[in-house]
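*Asks:*
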Amino acid sequence: MPRFDDAGGLGGCVGAQMKAHQEGADKLARQDRRSIVRLGEEALVVLAETGWAVSTVVVLLLSRRPRLMRKFKDGIPSTMRRQWWVYLAWTSNPTPKSILDRRPFLDLLGHRTNIRPALETTGLDGEILRDLDRTFPTEPFFYPTADGTRLLANVLKALSVQLPAVGYVQGMNFVAAKLLLLWQNDHFQRHRLDEDVFSLLTGIVHRHSSLWSPGMPGLRRCIFALQKLMEKHLPALHGHLRRIGMHAGYFATQWFVTLFSRILPLDSFACVWDRFLTDGLKMLFRVALVILTYMQTDLLAMDMEEASMYFCRNPKLHVETMPSARLICEAMAFKVTRARLRAVEDERQVDLLHFRLEADKNMDAAVFFPEVEVVADDGNDLAAIRSELHGLDSGVKQDVAVFRQKIERIHRAADAAAATYLVATAQMMEASYRLQELTEWSSWNDMPDEEAASPPPWYLRVFACFEAHPHAAHARLRDEDGQQQHEKHVEEYEARREALMLAAVEMEEATTYKAKMTEQFLAVLAASEQSKTALLKARFDALDHTHQPLDKYATDSE
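Numbering follows full-length UniProt numbering, in which position 413 of the sequence shown is assigned residue number 413; successive positions increment by one, without gaps.
Rendered as structure tokens:
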């Protein structure tokens, strides 16, 4: 009787079947769980959109699965957007304990519910005071007799006290005001309106502090990245703006410093921020590309002066009448990833090293390199680096000259091989045609006499007039001379076929060798560029050790 616990035999077969059955069952169970989760998410979305789901439950689920937000056709329902945004602003990124332990909102305002009368006319208070009346002045909520300016003053003052390293910068006022406008009709928590806007804005400013910190290094990086994205996605517009002398800083500074709050209508702003809070700055780059796409036709026909006036006279930039769903759909069509933005920043860092070496710096390009403002490069040190770099370039130039000569020789050899192949192909085809014609004539001559007695076709009779032609009179093919001619053509055919095969091999080898040599040449160039970049980084790191660390301008978390 077989034992089922043996390693082999029937016991092994049964064990393997049981294992396969269990794996299949586990796979089905995982699929079922995923299906149940997917159905549950879709059901929750429907309940949330119809107002039947508890907002706290939806917010917690969105916090754990932010991409679920994309299932909402019209963005997050307004009844739960406020709660989710405030929660997400503080949970999407690690935050220092000093920020999490922030002082109560009223403590920051000196326990005043209206800080505006207490604002001084100088310093940051003066800047806040002046910007209050210039922030969305046509909105009834910010009329002098309305409550909007009081709430806006509270938010901006508390923010400047909570984040003294950043303080207050123009642009924050539009972000705070847009949030107040978005939530002004939320009667359920109207008494905490300014406090919730402050909480959200504090998290946003902390997360993207380099956009507003002194020197605005994050803003400059955004301008550089936008130019690179335009070069990829809108090459015609990018080239035209370069020709007329306008870089992205002329028009995109306001977009990023206000996080698009000034130009987007309220509905579009809400939908864009649903994704901005989960995707980060890449969502803002997508929106910028959509706007530029709609402006492209107009801008391509303008010079520098006309383009400048165009941006001044069209603050809404074609987005005021665009449905929010269409804006989001077109924005998401642009592939802007974190990996792409990191690659752009790496490229900017390399450009920065070369910019520091330039004797006559381009001031238009200087806007992309805030790092040069915190270091003072010594002329003698730069001369030494240039000399060392020149020595490295000299060696690379010699390698390039050698490779160029090799590639040119290989190119000529490849062209000669291709020409030989074409000649061999033509000769092979001609020999093949001759042999085929002779074979057909031989077959006709081998017919029985009664069949051969019938007159040949007219074209054979015509060709029979030419003694030099292979289609000579069919009687010639009946003798031994015809047989020798046939053998001669067979030998010629075999020789041409062999020549064609050799020519094909030579052409393939030449092409392969040329491709490999070109790859090796490009690899040498890439390695030399990496060596130059590593040398520049090492030398400038050595120069900068006595200056303010450049990691002050480290990129934002996304």
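Backbone N, C-alpha and C define an ideal beta-carbon position, used for all residues, glycine too. Predicted model, so just to flag it, every value in this text is computed and none were measured.
If you draw a straight line from the alpha carbon of Y250 to that of I223, how long is it in whole angstroms?
*Replies:* In the sequence shown, residue 250 corresponds to position 250, counting from 1. In the sequence shown, residue 223 corresponds to position 223, counting from 1. Their backbone Cα atoms lie some 9 Å apart in a straight line.
*Asks:* Taking contact to mean at least 3 C-beta pairs separated by less than 8 Å, is the region 78-86 in contact with the region 118-130?
*Replies:* Cβ pair count under 8 Å is below three, so no.
*Asks:* Let's test the definition: count the other Cβ atoms within 10 Å of the Cβ of D279 and tell me whether it reaches 16, buried, or not, exposed.
*Replies:* The sequence position of residue 279 within the sequence shown is 279, counting from 1. That one is buried.
*Asks:* Give the single residue among P265, L129, T518 and V272 whose Cα lies nearest to the Cα of A331.
*Replies:* Counted from its first residue, the sequence shown places residue 331 at position 331. A331 has its Cα closest to that of V272, out of P265, L129, T518 and V272.
*Asks:* Which same chain residues, not among the five before or five after N114, have their C-beta less than 8 Å away from its C-beta?
*Replies:* Your numbering for residue 114 matches position 114 in the sequence shown. Excluding positions up to five away in sequence, the list reads R150, A153 and N154.
*Asks:* Where does A452 fall in DSSP's three states?
*Replies:* Here residue 452 corresponds to residue number 452 of the sequence shown, with the count starting at 1. Note on A452: pLDDT 49, under 50, position unreliable in the model; the coordinate value appears next. If DSSP states are grouped into helix, strand and coil, A452 belongs with the helices.
*Asks:* Just how far apart, CA to CA, sit H411 and V402?
*Replies:* Start at 1 with the first residue of the sequence shown, and residue 411 comes out as number 411. Start at 1 with the first residue of the sequence shown, and residue 402 comes out as number 402. Going from the Cα of H411 to the Cα of V402 covers about 14 Å.
*Asks:* Between the C-alpha atoms of R203 and F136, what's the straight-line distance to the nearest angstrom?
*Replies:* Residue 203 sits at position 203 when you count from the first residue of the sequence shown. Residue 136 sits at position 136 when you count from the first residue of the sequence shown. Per the sequence shown, residue 203 should be read as Gly rather than Arg. Looking at the two C-alpha atoms, the distance is approximately 23 Å.
*Asks:* Can you give me the start and stop residues for the alpha helix (DSSP H) that M216 sits inside?
*Replies:* As a first step, residue 216 must be located in the sequence shown, where it is residue number 216. Segment: none, M216 is in no alpha helix (DSSP H) and carries neither H nor E.
*Asks:* Just checking, does the region 291-300 make contact with the region 221-237 on the three C-beta pairs under 8 Å criterion?
*Replies:* Segments in contact, yes.
*Asks:* Considering only C-alpha positions, which residue in the set V350, Y493, A510 and E491 is nearest to A416?
*Replies:* Working through the sequence shown from its first residue, we reach residue 416 at position 416. Ranking V350, Y493, A510 and E491 by Cα distance to A416 puts A510 first.
*Asks:* For F198, which residues of its own chain have a beta-carbon under 7 Å away from its beta-carbon, when the five flanking residues on both sides are left out?
*Replies:* As a working mapping, residue 198 is identified with position 198 in the sequence shown. Closer than 7 Å at Cβ, skipping near neighbours: F105, V155, A158 and L159.
*Asks:* Check the C-beta distance from N173 over to D131 and give it rounded, since I have them as a contact under 8 Å.
*Replies:* Position 173 of the sequence shown holds residue 173. Position 131 of the sequence shown holds residue 131. The Cβ separation is near 5 Å, so the contact holds.
*Asks:* State the start and end residues of the unbroken alpha helix (DSSP H) segment that holds N314.
*Replies:* As a working mapping, residue 314 is identified with position 314 in the sequence shown. Per DSSP, N314 belongs to no alpha helix (DSSP H) and is neither H nor E.
*Asks:* Less than 9 Å separating the beta-carbons of F355 and F334?
*Replies:* Against the sequence shown, residue 355 aligns to sequence position 355. Against the sequence shown, residue 334 aligns to sequence position 334. The answer is no: Cβ separation not under 9 Å.
*Asks:* Mind pulling the alpha helix (DSSP H) runs of 4 or more residues that sit fully within the region 137-195?
*Replies:* DSSP runs (the alpha helix (DSSP H)) wholly in the region 137-195: 148-162 and 172-183.
*Asks:* Quick one: what's got a C-beta closer than 7 Å to F466's C-beta in the same chain, skipping five residues either side?
*Replies:* On the sequence shown, residue 466 is found 466 positions in, with the first residue counted as 1. Bear in mind that a pLDDT of 46 at F466, under 50, signals an unreliable position, so the number given afterwards is only what the model happens to contain. Answer for F466: no residue qualifies.
*Asks:* Sort K178, L353, A504 and D196 by Cα distance to A89 and report the nearest one.
*Replies:* Stepping through the sequence shown from its first residue, residue 89 is reached at position 89. For A89, the nearest C-alpha among the options comes from D196.
*Asks:* Specify the secondary structure class of A538 as computed by DSSP and reduced to three states.
*Replies:* As a working note, residue 538 is residue 538 in the sequence shown. Helix.
*Asks:* Does the count of Cβ pairs from the region 342-356 and the region 304-319 closer than 8 Å reach three?
*Replies:* Output reads no: the region 304-319 does not touch the region 342-356.
*Asks:* I'd like the list of long-range same chain contacts for K97, defined as Cβ closer than 8 Å, with 5 residues on each side in sequence excluded.
*Replies:* Within the sequence shown, the letter at position 97 stands for residue 97. Because the pLDDT at K97 is just 48, under 50, the model does not fix this residue reliably, and the value given afterwards should be weighed accordingly. So no residue of the chain qualifies.
*Asks:* Can you round the beta-carbon distance between L229 and F311 to whole angstroms, since I take them to be within the 8 Å contact cut?
*Replies:* Here residue 229 refers to the residue found at position 229 of the sequence shown. Here residue 311 refers to the residue found at position 311 of the sequence shown. Wrong, their Cβ atoms sit about 18 Å apart, outside the cutoff.
*Asks:* Can you tell me which of the three DSSP states G126 falls into?
*Replies:* If you number the sequence shown from 1, residue 126 lands on position 126. G126: helix per DSSP, three-state reduction.
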